[in-house]
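Enquirer: Encoded as structure tokens, here's the structure I'll be asking about.
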Amino acid sequence: MTKQCYLRGFGSFAPPKVLTNDDLATFVETSDEWIKTRTGIEQRHIVDPGQCTSDLVTEAAKAALNDASLAVADLTHILVATFTPDAYCPNTACVVEDKLGTKGLMAMDMSAACSGFVYGLQVARGLVSISDNATILLSGAETMSSRTNWKDRNTCVLFGDAAGAVVISPTPGPNCAELIDVEVSSDGALRDLLTVTGGGSSMPYTLDQPVPAEHFVMMQGREVFKHAVRSMTSVCETLLERNGLTNADIDLLIPHQANMRIIDAVGKKLDMPEGKVFVNLQKYGNTSAASIPLALADARAQGAIKPGMTVLLTTFGGGFTWGSALLKFL
Ligand code: UT7
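Residue 18 in the working numbering is what sits at position 28 of the sequence shown, and the numbering runs on without skipping anything.
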């Protein structure tokens, strides 16, 4: 039987170093005007050498636990959604477990590219249902700069590094949100449109081989754009219909922060007024799996989310994967 499931604490962390559009224009042929007009992005945060995904998650986790008035010792599971982990092995969740100073938890990474966090909500919901008393740290986190080809202007202007985290449990707490429903989907036939294949088993490296371009994000931007708008819209419609809701019942839409034009198009198709669509893309760029939990934490901090509000999340990413989740803030 499905148990009720609550998001109890919200936290985020972006590394302090900021790379502006003008900074980018010093080493790749682009301009602040092009980037702002085509994407809405003004700057992105980038890790310092030595800083990695687990560091970002650890900070976001501490903030989320603090927000939930919970302790590290309360956690039973750590789930990290990322496709830029610290390493293939050990998984980032185990590193985070150690950095938080705990052990004995179920600690696992999940990969669904930008959709990782919403996929993670579905996994967490399942874990809450089958566990006696789960207290799950779910983070979406990326160090996109480690997989960015800084010579490719088609992609390098888009991404940023950050982590967001929530604590999920079967019991509510102050300022929490009930996770009402989640819908996720995918289409692997479209996998080649957005890839990081280098170093995987389909393209293994050999010793002394120079790093190939495939080590970094490769994307057919226009195609991704079209599918993103279509999938994010339709998955929201499915979720709303299943829950007997219409767009008028939604107080805030939090879409994956990939491109302002994608966000605008999804908002329009769902008939959401601009003021009901949350945007923080200008500050962070596309932080992939971190985008939604970072936006959730930001929206909470800015007072854009208030008790009683119904919030709809929607995302899209490589795979292709996509999904939507419905939250009711208490
Ligand atoms: O998280 C999910 C994954 N990613 C996404 O959601 C991204 C989806 N796609 C997009 O956001 C957009 O397709 C982009 C922002 C990547 C590109 O915007 P676009 O309007 O689709 O531009 P385009 O790729 O069609 O390129 C238009 C022109 C090209 O020049 P020509 O061939 O018309 O002369 C590009 O070479 O813009 C050029 N261009 C740039 N110019 C200046 C591409 N990147 C840049 C750049 N600066 N950074």
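Glycine is no exception: its CB is placed at the ideal position from the N, C-alpha and C atoms.
(1) Using the Cα positions of D276 and L242, report the straight-line distance between them to the nearest angstrom.
(2) Among N123, T305, D38, E168, which residue has its Cα nearest to the Cα of S221?
(3) Let's test the definition: count the other Cβ atoms within 10 Å of the Cβ of Q33 and tell me whether it reaches 16, buried, or not, exposed.
(4) Over the uninterrupted alpha helix (DSSP H) stretch that includes W24, give me the two end residues.
(5) Between R115 and V18, how many whole angstroms is the CB-CB distance? I'm expecting something under 8 Å.
(6) Please state whether the Cβ-Cβ distance between V172 and L111 is less than 8 Å.
(7) Given 8 Å as the limit, is there contact between the stretch 242 to 252 and the stretch 55 to 72, that is, 3 or more CB pairs closer than that?
(8) Can you name the start and end residues of the alpha helix (DSSP H) that D151 belongs to?
(9) Skipping 5 residues on each side, what residues in its chain have a beta carbon closer than 6 Å to that of R337?
(10) DSSP on P200, reduced to helix/strand/coil?
(11) Compute every distance between the C-beta of L90 and the non-hydrogen atoms of the ligand ADP, then say whether any falls below 7 Å.
(12) What does DSSP give as the partner residues of H205 in its beta bridges?
(13) Assign G130 to one of two classes, buried (16 or more other C-beta atoms within 10 Å of its C-beta) or exposed (fewer than that).
(14) When we look at the beta-carbon of P5 and count the other beta-carbons within 10 Å, is it buried (16 or more) or exposed?
(15) Among S44, C226, P297, P194, which residue has its Cα nearest to the Cα of L128?
(16) Leaving out the 5 sequence neighbours to the left and right, which residues in its chain are closer than 8 Å to G188 when beta-carbon positions are compared?
(17) Let's test the definition: count the other Cβ atoms within 10 Å of the Cβ of G231 and tell me whether it reaches 16, buried, or not, exposed.
(18) Based on the DSSP output, what are the partners of R34 in its beta bridges?
(19) Taking 7 Å as the limit between beta carbons, can you name the residues of its chain near L90, skipping five residues before and five after?
(20) Report the residue from S176, K259, I158 whose alpha carbon sits nearest the alpha carbon of P283.
(21) Can you tell me which of P80, V214, V108 puts its alpha carbon nearest to the alpha carbon of A97?
(22) So the candidates are P164, V174, H67, P39; which of them puts its Cα closest to the Cα of T103?
(23) Check each candidate in A58, I295, K7, C166 and name the one with the smallest Cα separation from P39.
(24) Following the continuous alpha helix (DSSP H) through L117, name the residue where it begins and the one where it ends.
(25) Tell me where the alpha helix (DSSP H) around R220 begins and ends.
(26) Identify the residues that DSSP records as bridge partners of K318: which are they?
Expert: If we stick to the structure as given:
(1) The question names Asp, but residue 276 is Asn in the sequence shown. Taking the straight line from one Cα to the other gives about 20 Å.
(2) T305
(3) buried
(4) 22 to 29
(5) That pair is no contact at about 41 Å.
(6) yes
(7) no
(8) Note, D151: premise wrong, no alpha helix (DSSP H); beta strand (DSSP E) at 151 to 159.
(9) The structure shown does not extend to residue 337, since the chain is modelled only from -9 to 320, so the question has no answer here.
(10) coil
(11) This structure simply doesn't include the ligand ADP; it includes the ligand UT7 instead.
(12) Its beta-bridge partners do not exist; DSSP assigns none.
(13) buried
(14) buried
(15) S44
(16) Y195, V201, P202, A203, E204, H205, F206
(17) For the record, residue 231 in the displayed sequence is Glu; it is not Gly. Answer is exposed; the Cβ neighbour count stays below 16.
(18) L9
(19) T48, A51, V62
(20) I158
(21) P80
(22) Reading the sequence as shown, one finds Ala at residue 103 and not Thr. Of P164, V174, H67, P39, the residue nearest in Cα terms is V174.
(23) K7
(24) 106 to 120
(25) 211 to 232
(26) E168, T300
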